[in-house]
Each structure stands twice: as structure tokens, then as C-alpha cells.
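Undergrad: Numbered by the numbering used here, the letters in the sequence shown go through residues 9 to 411 in order.
C-beta atoms are modelled at their ideal positions from N, C-alpha and C, and glycine is treated no differently.
All values reported here derive from a predicted model rather than from experimental measurement.
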Amino acid sequence: MALTDTAIRQLKRANKTVKMFDDRGLYLEVSPAGGKWWRLKYRLDGKEKRLSLGVYPDVGLKDARDRRDAARKLLADGVDPSENRKAQKSARADQAANTFQVVAREWFAKYSRIWAASHGDRIVRLFERDIFPWIGERPIADITAPEVLTVARRIESRGALETAHRAVGNCGQVFRYAIATGRAQRDPSGDLRGALPPTQGQHFAATTDPKQLAQILRAMEGYEGSFIVRCALRLAPLVFVRPGELRKAEWEGIDLDAAEWRYTVTKTKTPHIVPLSRQAIAILRELQPLSGPGRFVFPGARTNQRPMSDNAILAAMRRMGIDKDEMSGHGFRASARTILDEVLGVRPDFIEHQLAHAVRDPNGRAYNRTAHLSERKKMMQQWADYLDKLKAGAKVIPLPKRA
Numbered sequence: 009m010a011l012t013d014t015a016i017r018q019l020k021r022a023n024k025t026v027k028m029f030d031d032r033g034l035y036l037e038v039s040p041a042g043g044k045w046w047r048l049k050y051r052l053d054g055k056e057k058r059l060s061l062g063v064y065p066d067v068g069l070k071d072a073r074d075r076r077d078a079a080r081k082l083l084a085d086g087v088d089p090s091e092n093r094k095a096q097k098s099a100r101a102d103q104a105a106n107t108f109q110v111v112a113r114e115w116f117a118k119y120s121r122i123w124a125a126s127h128g129d130r131i132v133r134l135f136e137r138d139i140f141p142w143i144g145e146r147p148i149a150d151i152t153a154p155e156v157l158t159v160a161r162r163i164e165s166r167g168a169l170e171t172a173h174r175a176v177g178n179c180g181q182v183f184r185y186a187i188a189t190g191r192a193q194r195d196p197s198g199d200l201r202g203a204l205p206p207t208q209g210q211h212f213a214a215t216t217d218p219k220q221l222a223q224i225l226r227a228m229e230g231y232e233g234s235f236i237v238r239c240a241l242r243l244a245p246l247v248f249v250r251p252g253e254l255r256k257a258e259w260e261g262i263d264l265d266a267a268e269w270r271y272t273v274t275k276t277k278t279p280h281i282v283p284l285s286r287q288a289i290a291i292l293r294e295l296q297p298l299s300g301p302g303r304f305v306f307p308g309a310r311t312n313q314r315p316m317s318d319n320a321i322l323a324a325m326r327r328m329g330i331d332k333d334e335m336s337g338h339g340f341r342a343s344a345r346t347i348l349d350e351v352l353g354v355r356p357d358f359i360e361h362q363l364a365h366a367v368r369d370p371n372g373r374a375y376n377r378t379a380h381l382s383e384r385k386k387m388m389q390q391w392a393d394y395l396d397k398l399k400a401g402a403k404v405i406p407l408p409k410r411a
């Protein structure tokens, strides 16, 4: 006989557990203490099993029957309702453990140790202020491109377009980390290309603050990617040539014994000499056994018949957390130009000539490539020693304040 709400309410306690059966396997189990649990008895593969459907009166008779019917539908489809419940519980636990915020903080903890401290602080502030409040508690695998765009447009609406672009980029890094660690299938931020207005073109980013440059140098020294890229990163600030000239450097033009690198400047088609400091020579000697047999000092990842990608150094800097507003591959030239002049007191014409700029004498004649070579060699060694001190954390002289 089927149960009724009245019969359940009028049920009195007994000295032992009592089972009150309803229909199609549903029954109410009543303990001596008065507790009432809905159960479903069913058979699967010849085995009798039971499934809990809730506690009375939180789950009334009608709700208990609805839950029974849903469970029996699963049985009709060959699904064990008990195992299905376990799977759903596990999925919910996985979602709770893999929210965007959880994965983002894990990504940050893994990569921030190789970043400049200022960059790490900036990323944390961006996530905590502009991203986590909106999508932080969402399962990362469920986040869609429109959700990320809504976050970015909130930032854009306050006039921070550059920050909005940075937010999308940082979210993309978190999504790609989630894919690599099995917590997501795709990166929705990739669908937002062109969704935000472009930022206005800017000059190459460069830091002229010695303290900030020190942080960048230490970050690059700890780069853990390709050995060839790591050598290029370490050499770039020492020679401060144009990025294209560095990546296309050929062993034929390098004389380690003479401590010189000779090449033709791409922009002006003129010969140029870069004096090599002891630190630069050490890097090149370390690299020579690997790429020395080939043409290029920094060969590409896929073939040594071509130089490394024009984006290799910049991409490595971004992976280390060196923000595009802080430094670019071209920016080391501006850093050297400013600090050599204003901190180390080097004659500007020596610096300009080393930068392969068009420097002329008082009679209007262009200096040749060997002009002031001995002084430039001293300057390049002085510069390399200064960078070593910055990396080691020595007290640095700040730039003089401008009037």
C-alpha cells in the first residue's frame, strides 16, 4: 500500500528500525531516535543495491517519488544511479578545485619566481581588482569568450585600454596553463582578437632606471628556456645592438681573440665594430661548442640554417614577466645610451658611435668604424662591469633629477 503524508506524520517511534514501503522500491527508513530517511531499493546485474534519496521532512513524499523516478530512468538506460551520483559529486569537487582563481594562483606561484618583482605585483593587483571578482569562482573549463570580453570591457570603460589588453593576455596565459595541466580544453581568450580597440603605437619600451634594470637583468639571468635564447638574452644588454642584428649574428664576424664583433649595420649598410667585454666573450665561448660549427651564433629552433625567430627574445622576456611597458629587445639601446651618459659619465660621441648612429666630426665628416675604438673598448668593459654590479645587488647611483 502506498504511503501518504498523513501516515508518515502520524508515525510513532519504535524500539527498532522500521521500514515503511511506498511503491517501486521506494521506502522510508525510521530509526529508534526518530530520524526518517528515504531509500530506494533496486537490483542491477543481479545484485541488490540501495540509494539514499534524502531526509524527511526536508524531502517530502512527492519529491522522494520524483527522485525515485529519475533514478529508475537511469536504470532503464543501464546506468547505476549510485555510481552516477558519485561521478556527479566528483565532478562538482573537481570544479570547485579548478576555479579560474585557483588555477590562476597556481600559475602565478609557478612562474612568478622568475619575474621581476614589480611585474608580479602588477599582475596580482590586476587579477584581484579586475578579474577575480567577476570570473574567479567560475570553473575554468566553463568560462566563455564573452565572459572574458565583459571583464576586459569593464576595464576599458574606465579609460584603461592598455590594461584591458593586458588582462586578456594574462587570462590567456592562465587558460593555456589549465589546458597543459588537464583542467580545460581550450583558451577562449584567443577568440577575442579584434574585439577590443587597438592601442596607439608607442616607442620601444625601455627602462632607464638602474634599479628597474637590475630587476630585469636578474630575471633574464634566471631564464630556464632554450640555452640559445638564454645566451642571447644575456648578451643583448652587453652589446646593445639592434635586435635584428643580434639574432642574425654570424660566427664569421666574431673574433674572440681580438674581442671584436664586426658586421654591416642593416639600417645604414655601413661596417660596424662592437668591442666585446670579458663577460660577452664568456657567453660566446660557452655557446660556441653548440652553434659554432654552423653559420649563425643564434640559430633557429627548427634549423641551424636560419637565425632564431625575430620574436624569440621578446617572447622569452614576456614569459619571464618582463612587461612590454618595461623593456623591449630594442630598449637596451636606450638604457645604455642614458645610463652611460648620465650615470657613468661617458662622452656622448663615444656612445653614439657605438650605437652605430651617424656621428660626425666638427668638419662634418662621418667617423669611420674604427674611430675612438680604444675608448669604446674601455666603455664596453665599464658597461659590462656596471651591469654585473646591478645584478649582484650593489648600491646603484640613481639618475640625476631633471629640472
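1. Let me know the secondary structure DSSP gives P154 once reduced to three states.
2. Pick out whichever of V282, H380, K219, A153 has its Cα sitting closest to the Cα of D199.
3. Whole beta strand (DSSP E) runs in the stretch 209-285 with 3 or more residues, listed along the chain?
4. When DSSP builds the beta bridges, which residues end up paired with F304?
5. Can you confirm whether the stretch 62-77 touches the stretch 43-51 when touching is taken to mean that 3 or more C-beta pairs between the two stretches lie within less than 8 Å?
6. Among R184, L295, I262, P196, which one has its Cα closest to the Cα of R238?
7. With H, G and I counted as helix, E and B as strand and the rest as coil, what does DSSP make of R373?
8. Is the stretch 180-198 close to the stretch 217-234, with three or more CB pairs under 8 Å?
9. What's the C-alpha gap between G202 and L157?
10. Report the CB separation of T274 from E253 in whole angstroms; it is logged as a contact under 8 Å.
11. Helix, strand or coil for W46? Go by DSSP, reduced to three states.
12. Pull up the distance between the alpha-carbon of K399 and that of L225, whole angstroms please.
13. Cα separation between I163 and A172?
14. Smallest Cα separation from E155: which of G167, V132, G180?
15. For E36, write down the residues that DSSP places opposite it in a beta bridge.
16. Whose C-beta lies closer than 8 Å to the C-beta of I359 among residues of the same chain, with five residues either side of it excluded?
17. May I ask which residues mark the beginning and end of the beta strand (DSSP E) holding V63?
18. Alpha carbon to alpha carbon, what distance is there between I281 and R270?
19. Whole angstroms is fine: what's the gap from L83's alpha carbon to A72's?
20. Take A257 and list the residues in its own chain whose beta-carbon comes closer than 6 Å to its own, dropping the five residues that flank it on each side.
21. Taking Cβ to Cβ, would you say P283 is nearer than 8 Å to A267?
22. In its own chain, which residues sit with a C-beta less than 6 Å from the C-beta of S382, not counting the 5 before and 5 after it?
23. In chain order, what are the residue ranges of uninterrupted alpha helix (DSSP H) at least 4 long that sit wholly in the stretch 133-202?
24. May I ask you to report which of helix, strand or coil DSSP gives P297?
25. Would you decide whether A15 is buried or exposed? Buried here means 16 or more other CB atoms lie within 10 Å of its CB.
26. Which value, in whole angstroms, describes the spacing of the CA atoms of F212 and G339?
27. Looking at T272 and A364, is the spacing between their C-beta atoms short of 8 Å?
28. So what's P315 in DSSP terms, helix, strand or just coil?
29. Compare the beta carbon distance of L243 and I291 with 8 Å and say whether it is the shorter of the two.
30. Taking the alpha carbon of N312 as the point to measure from, which residue in A320, D318, P301 has its own alpha carbon closest?
31. Give me the residue from R250, F235, R303, E229 with the minimum Cα distance to I262.
32. Answer with buried or exposed for S165, where buried requires no fewer than 16 other C-beta atoms within 10 angstroms of its C-beta.
33. S435 lies in the alpha helix (DSSP H); which residues open and close that run?
34. Does DSSP classify L52 as helix, strand or coil?
35. Compute the Euclidean distance between the alpha carbons of K94 and R58, then round it to the nearest angstrom.
36. Can you tell me where the alpha helix (DSSP H) holding M325 begins and where it ends?
TA: Concretely, from the data shown:
1. helix
2. A153
3. 268-272, 279-283
4. E258
5. yes
6. L295
7. Note that R373 scores 47 on pLDDT, short of 50, meaning its location in the model is unreliable; the coordinates nonetheless yield the value given after this. DSSP, read as helix, strand or coil, puts R373 in coil.
8. no
9. 11 Å
10. 6 Å
11. Of the three classes helix, strand and coil, the one that applies to W46 here is strand, per DSSP.
12. 6 Å
13. 5 Å
14. G180
15. Contrary to the premise, residue 36 reads as Leu rather than Glu in this sequence. DSSP lists M28, W46 as partners of L36.
16. A344, R345, L348, D349, M387
17. Its beta strand (DSSP E) spans residues 55-64.
18. 5 Å
19. 17 Å
20. V305
21. yes
22. none
23. 140-143, 153-164, 169-188
24. helix
25. So A15 counts as exposed.
26. Low local confidence applies: a pLDDT of 42 at F212 is under 50, so the model's placement there is unreliable, and no value is given.
27. no
28. Looking at P315 - three-state DSSP - the assignment turns out to be strand.
29. yes
30. P301
31. R303
32. Of the other Cβ atoms in all chains shown, fewer than 16 fall within 10 Å of the Cβ of S165; this residue is therefore exposed.
33. Because the chain is modelled from 9 through 411, residue 435 falls outside the range shown and cannot be assessed.
34. strand
35. 14 Å
36. 320-327 is the extent of the alpha helix (DSSP H) around M325.
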